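Here the protein sequences line up with chains A and B, keeping their order. Under this note's numbering, read the first sequence as residues 15 to 142, first letter to last. Under this note's numbering, read the second sequence as residues 51 to 533, first letter to last. Beta carbons: idealized from backbone N, C-alpha and C, even for Gly. Predicted, not measured: the structure shown is a model, and the values here were computed from it. Since the structure comes first, as structure tokens, the remarks are kept for the end.
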Amino acid sequence: MANVPKELKYSEEHEWVRVDGDNATIGITDYAQGELGDVVFLELPEPGEEFKQGDSFGSIEAVKTVADLYSPVSGAVTEVNEALDDAPEKVNESPYGDGWLIKLELTDSTELDGLMDAEAYAQHIEQE
Amino acid sequence: MQNPMPERLLYELSAPGRRGVRLPESDVPEADPLPKKLRRDEPAPLPEVSENEVIRHFVRLSTMNHHVDRDYYPLGSCTMKYNPKLNEVVANHPWFADLHPFSSTRYSQGALQVLYELGEMLKTITGFPAVTLQPPAGASGELTGLMLMKKYHQERGQGERNRVIIPDSAHGTNPATINFAGCEVVEIPSGADGTLDPDALRREADDRLVGMMVTNPNTLGIFESRITEISQIVHDAGGLMYLDGANLNALLGFASPEKMGFDIMHINVHKTFSTPHGGGGPGAGPLCSVDKLDPYLPTPVIREEDGTYYHDWVRPKSVGKMHGFYGNFLVLLRAYAYILATGKDGLEAVARAAILNANYLRVLLQSDYELPYPDRCLHEVVFSADRQAKHGVKALDIAKRLLDFGVHAPTVYFPLIVHEAMMIEPTETETKETLDRFIEIMRRIAKEAEENPELLHDAPATTPVRRLDEATASRKPNVRYEN
Chain A
15 MANVPKELKY SEEHEWVRVD GDNATIGITD YAQGELGDVV FLELPEPGEE FKQGDSFGSI
75 EAVKTVADLY SPVSGAVTEV NEALDDAPEK VNESPYGDGW LIKLELTDST ELDGLMDAEA
135 YAQHIEQE
Chain B
51 MQNPMPERLL YELSAPGRRG VRLPESDVPE ADPLPKKLRR DEPAPLPEVS ENEVIRHFVR
111 LSTMNHHVDR DYYPLGSCTM KYNPKLNEVV ANHPWFADLH PFSSTRYSQG ALQVLYELGE
171 MLKTITGFPA VTLQPPAGAS GELTGLMLMK KYHQERGQGE RNRVIIPDSA HGTNPATINF
231 AGCEVVEIPS GADGTLDPDA LRREADDRLV GMMVTNPNTL GIFESRITEI SQIVHDAGGL
291 MYLDGANLNA LLGFASPEKM GFDIMHINVH KTFSTPHGGG GPGAGPLCSV DKLDPYLPTP
351 VIREEDGTYY HDWVRPKSVG KMHGFYGNFL VLLRAYAYIL ATGKDGLEAV ARAAILNANY
411 LRVLLQSDYE LPYPDRCLHE VVFSADRQAK HGVKALDIAK RLLDFGVHAP TVYFPLIVHE
471 AMMIEPTETE TKETLDRFIE IMRRIAKEAE ENPELLHDAP ATTPVRRLDE ATASRKPNVR
531 YEN
């Protein structure tokens, strides 16, 4: 059973958001990394790039497939997890920790209300 | 580093001074040597081995490799049919094989006739009036097709059209081609039955459309029964319909892509017409199209006048050249030999047998494997390993276990709309006995998944190398040999 931490918000595209004031950290869920299998490469944006909710901000390549990454909230990139360049396996090993992808400065915190909480997301993946 | 493979490399077999062939001293004057700056400072570090070592090396490798001459190869969407040896006899005939590419038109009439007649046969098979044989593989055919479609819109003053629609079940080459041609990919969801959804298409079909790329039968092996309606929607928006011809094997002889409303298509001759393309070797991806795209086909095209064949270079609107000379002649020659040897009725029998074989597997395996789109299929069928996933067994484990029984794995994890997909294409060239053996093996694996999942996680057990670490190979690729 996939791990779904209580304190995070989730999108239907299997990204999670951790909010700290105006800052949002974004990654993919434990369920998503399990479905993808071994991650081998990530294409991530540069700091300063801006994304709207639902925009593709990069892609993730696993042995069996390549998938787009969608931003669950709108904002400007403040930081990118550069450690993943040399160690993409962190996304598999620690999707909610060292395997985070990008940090954004939120432009519209009301968007968070439209995301799922842990309980709703657990149901969502049950139905997948 | 010690080579972990069960066969040593030729470099590892090398010993100084060993030779395969000893040539006599030259008894003619030496030609002027190449300028010094073009010459190597020291000889290339090639392996030094005897003839029998080389022969044994490659024979041993050939027995470790799985190939269609050895056993069953149900790799979905790849049409791994047996390649008749007659093709090789024809292609190796010195009159063809030794023909110099720079021979004049006058002295290459036979080769030009082969190419011309192959083009005419492909026109008959697809229903289209125009053809080029030049693209050197399927993906190159796709790119040529997209370039033609863009050029068509440019010539009509609509060069700002930039969007190409694909369904979410499309082959990966389609979005890659669209990107490479400088267009924007627009993906639409398939309907509940896995086929194209006209309503989803209508929402995206507007004056920004270059066209739509469709595979029919689609990647689930299901015929797109609403294809004429789909074509109409795209045409009403001013777009063009591109057929990815990967699955042409299912249509041979009794369905015409032109009548479905397509404007242009490529043909993978290594699939439908039994030519080799192994290891990315030379291929051919002919394109057939409607008349209005004819002016844009690559230069040259081959014409016939009073029994004489020639290259027509005067094509001012052409997209230009896509490959050297006129594509890969000896590959096209094999396709020509196959079509002539099979004949018109034979091609229809090919499609019927391919469809029958796939449906035989569909019906007999659905008691053991999930079939998410249960409609009658054409030449291939897509199962899901979802039932086995409950025991912790994935499609990949099943694929690896098949290798232990001397069968090639099906395509797995494609199409993307099927969870834990296993895409099986038996082709027409397999006997009922082979299919029955495959069914028996697949049922045994389904049972193993319930009773002994660890066995599947550890598979394959009997191959020259066990399960390879694909993740590390992708993360830290090491493609350089160092002694």
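Range covered by the alpha helix (DSSP H) that runs through residue i
i, result
"Asn224/B", "223-230"
"Asp436/B", "436-439"
"Gly195/B", "188-205"
"Lys117/A", "Premise fails: Lys117/A lies in the beta strand (DSSP E), 116-120, not in any alpha helix (DSSP H)."
"Asp454/B", "445-454"
"Asp100/A", "Segment: none, Asp100/A is in no alpha helix (DSSP H) and carries neither H nor E."
"Trp145/B", "144-147"
"Ile283/B", "277-286"
CB contact below 8 Å: residue i versus chain A
i, result
"Glu525/B", "It is worth fixing the name first, because residue 525/B is Arg in this sequence and not Glu. Yes - at least one Cβ of chain A is within 8 Å of the one on Arg525/B."
"Leu466/B", "yes"
"Glu520/B", "yes"
"Tyr463/B", "yes"
"Gln52/B", "At Gln52/B, the pLDDT of 46 sits below 50, so the modelled position is not reliable; the number obtained from the coordinates is stated separately. No, because no Cβ of chain A sits closer than 8 Å to the Cβ of Gln52/B."
With 16 other Cβ atoms within 10 Å as the buried cut-off, status of residue i
i, result
"Thr155/B", "exposed"
"Gln438/B", "buried"
"Arg412/B", "buried"
"Asp249/B", "exposed"
"Phe433/B", "buried"
"Asp243/B", "exposed"
"Ser153/B", "exposed"
"Ala94/B", "exposed"
"Ala65/B", "exposed"
"Phe178/B", "buried"
"Val118/B", "buried"
"Lys497/B", "exposed"
"Arg253/B", "exposed"
"Lys367/B", "exposed"
"Ile40/A", "buried"
"Glu430/B", "buried"
"His327/B", "buried"
"Gln52/B", "Because the pLDDT of Gln52/B is 46, which lies under 50, any placement of that residue in the model is unreliable, and the number read from its coordinates should be weighed accordingly. Exposed: under 16 other Cβ atoms inside 10 Å."
"Arg213/B", "buried"
Residue-chain proximity (residue i, chain B), Cβ-Cβ < 8 Å
i, result
"Val77/A", "yes"
"Pro102/A", "yes"
"Leu115/A", "no"
"Asp52/A", "yes"
Same chain only: Cβ atoms within 8 Å of residue i, ignoring 5 sequence neighbours per side
i, result
"Ala180/B", "Lys173, Cys338, Ser339, Val340, Asp341, Leu343, Asp344, Leu347"
"Glu60/A", "Val91, Val94"
Contacts around residue i, its chain only, beta-carbon distance under 7 Å, and the 5 residues preceding and following it disregarded
i, result
"Gln184/B", "Pro348, Met372, His373, Tyr376, Gly377"
"Thr484/B", "Tyr122"
"Pro460/B", "Pro124, Leu125, Gly126, Ala449, Met472, Met473, Ile474"
"Val77/A", "Gly51, Asp52, Val54"
"Ala231/B", "Leu193, Leu196, Met197, Lys200"
"Lys20/A", "Ala132"
Nearest-angstrom Cβ-Cβ length linking residue i and residue j, presumed shorter than 8 Å
i, j, result
"Pro476/B", "Asn407/B", "4 Å"
"Tyr45/A", "Ala16/A", "4 Å"
"Leu302/B", "Ile175/B", "7 Å"
"Met492/B", "Leu415/B", "6 Å"
"Phe323/B", "Glu398/B", "Contact flag wrong, Cβ pair sits at about 14 Å."
"Pro510/B", "His441/B", "19 Å between Cβ atoms; not a contact."
"Pro56/B", "Val515/B", "7 Å"
"Ala187/B", "Gly335/B", "5 Å"
Opening and closing residue of the beta strand (DSSP E) in which residue i lies
i, result
"His507/B", "Note, His507/B: premise wrong, no beta strand (DSSP E); alpha helix (DSSP H) at 503-507."
"Lys394/B", "Unbroken run through Lys394/B is the alpha helix (DSSP H), 379-415; no beta strand (DSSP E)."
"Arg353/B", "351-355"
"Asn37/A", "37-42"
"Met291/B", "290-294"
"Ser112/B", "Counting along the chain, Ser112/B falls outside any beta strand (DSSP E), though it belongs to the alpha helix (DSSP H) covering 101-114."
"Arg32/A", "29-34"
Beta-carbon contacts of residue i that lie in its chain and below 6 Å, excluding the five residues immediately before and after
i, result
"Glu133/A", "none"
"Pro332/B", "Asn378, Val381"
"Thr365/B", "Looking at the sequence provided, one finds Arg at residue 365/B rather than Thr. If we look at Arg365/B and ignore the five residues flanking it on each side, its Cβ neighbours are Thr349."
"Tyr135/A", "Val18, Tyr24"
"Gln67/A", "Val87, Ser88, Glu125"
"Ser547/B", "Nothing can be reported for residue 547/B, as the shown portion of chain B is limited to 51 through 533."
Residue i: CB within 7 Å of a non-hydrogen atom of the ligand SAH
i, result
"Asp286/B", "As far as ligands go, the structure on display features none, and thus does not contain the ligand SAH."
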